[in-house]
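Colleague: Okay, so the sequence shown: first residue is 340 according to my numbering, each after it adds one.
Every residue, glycine too, gets a C-beta built ideally from N, C-alpha and C.
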Amino acid sequence: MRGFRWPPPPDGGPRTWGPGPGAPRTGRPALPEPETELVTTPHGVRLERLVTGAGDPATVFAHGLGNGIATTRPFGSAVTGRKIFFQFRGHGRSDAPPGPWSYLDLARDLRAVADLGGATRAFGASLGAGALCRLLLESPDRFEKLVFFLPAVLDKPRGPVARQRLTDLLDAVADGDASAVADVVSLEVPAAVRNTPAGWAYLRQRLDQLLRDGLAPGLADLPEQAPLRDVSALAAVTAPALVIGCAGDDLHPAYVAEELAAALPHATLHVYDRPGFAWTERADLRERISAFLNG
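(1) Could you spell out the range, first to last residue, of the beta strand (DSSP E) harbouring Gly463?
(2) Pick from Gly553, Ala555, Asp522: whose alpha carbon is nearest that of Trp539?
(3) Is the beta carbon of Thr459 sitting closer than 7 Å to the one on Lys422?
(4) Looking at the unbroken alpha helix (DSSP H) that takes in Phe631, where does it start and where does it end?
(5) Taking its Cβ as the centre, do 16 or more other Cβ atoms sit within 10 Å of Val500, making it buried, or is it exposed?
(6) Report the rounded CA-to-CA distance for Glu477 versus Phe425, giving the unit in angstroms.
(7) Just grab the DSSP bridge partners of Ala513 for me.
(8) Express the C-alpha separation of Arg428 and Pro436 in angstroms, rounding to a whole number.
(9) So the candidates are Asp395, Glu376, Thr535; which of them puts its Cα closest to the Cα of Leu389?
(10) What does the alpha-carbon distance come out to for the pair Ser649 and Leu632?
(11) From this set, Cys585, Phe488, Asp552, Phe616, which residue's C-alpha is nearest Ala513's C-alpha?
(12) Counting C-beta neighbours from all protein chains within 10 Å, is the total for Asp569 16 or more, i.e. buried, or is it exposed?
(13) With DSSP as the reference, label Glu483 as helix, strand or coil.
(14) Terminal residues of the continuous alpha helix (DSSP H) containing Ala409?
(15) What does the alpha-carbon distance come out to for the pair Ala393 and Val528?
(16) Can you tell me which of the three DSSP states Val378 falls into?
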């Protein structure tokens, strides 16, 4: 792979070194950021929210650690009904109350947004999947359908790779160092995509949001925690579930998705065979999620 760097070229296109054809200057841009609102929850934490679509059913989308509304919106692009996106505490414009925080706090954020919007279906990505598991521990019948996308942790804390990645991101954001933030965020993009227009568009959007809104220091303790004491407690969940994992993903080990699917009584498991599938298998992923939730 030829080199990747930040800042981007002045013309906004990809820049490579060494021999080889230049990449095309066209590509699907990241979704523009719409105007969001702040809603006050029953537990007193204001959370940033975006509601799109119309009618019932309503689906709530919970994002991953260091991510937010913009990164979860594509997962709902073909889902019918209302779609409720939000930012957990410490992300975006949402409040950052005094810590330390736990998965119980995140579950309260998720429950509040779901209740306020009348959501009957839930999608949780990574951290959001953990928060969803914690919510279901208390209320196993809260939702009618569930999607767990790249669950990262169940009853054991995250590994050292994930902890270091978050530490690097928090430090770079706190320093306001765009180049350092770009170095960490670029790891979310498959190597083959990083120097393409689509890769640059994603990176620009992520940097704009992170450097504008920041990330709360209270997030630093979460990788040391697990949402559940015993994954077998999820046996009380009777809603149909779709669990999506990936082989070879250090931050979201496939065995976590396998354990989660085994613990849920009515779960369907799909494991993609290589990281970066959200980019390379976009149409299949979109169809898989929408077919499950809309069916």
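Modeller: Looking at the coordinates:
(1) 460-464 is the extent of the beta strand (DSSP E) around Gly463.
(2) Asp522
(3) In this structure, Lys422 does not lie closer than 7 Å to Thr459 by Cβ.
(4) For Phe631, the enclosing alpha helix (DSSP H) stretches over residues 621-633.
(5) Label assigned to Val500: exposed.
(6) 21 Å
(7) DSSP output for Ala513 lists no bridge partner at all.
(8) 8 Å
(9) Nearest of Asp395, Glu376, Thr535 to Leu389, Cα basis: Glu376.
(10) A query on residue 649 cannot be resolved here, the shown segment of the chain reaching from 340 to 634 and no further.
(11) Asp552
(12) exposed
(13) Here Glu483 sits in coil by DSSP.
(14) 408-411
(15) Counting only the Cα atoms, Val528 lies some 32 Å from Ala393.
(16) strand
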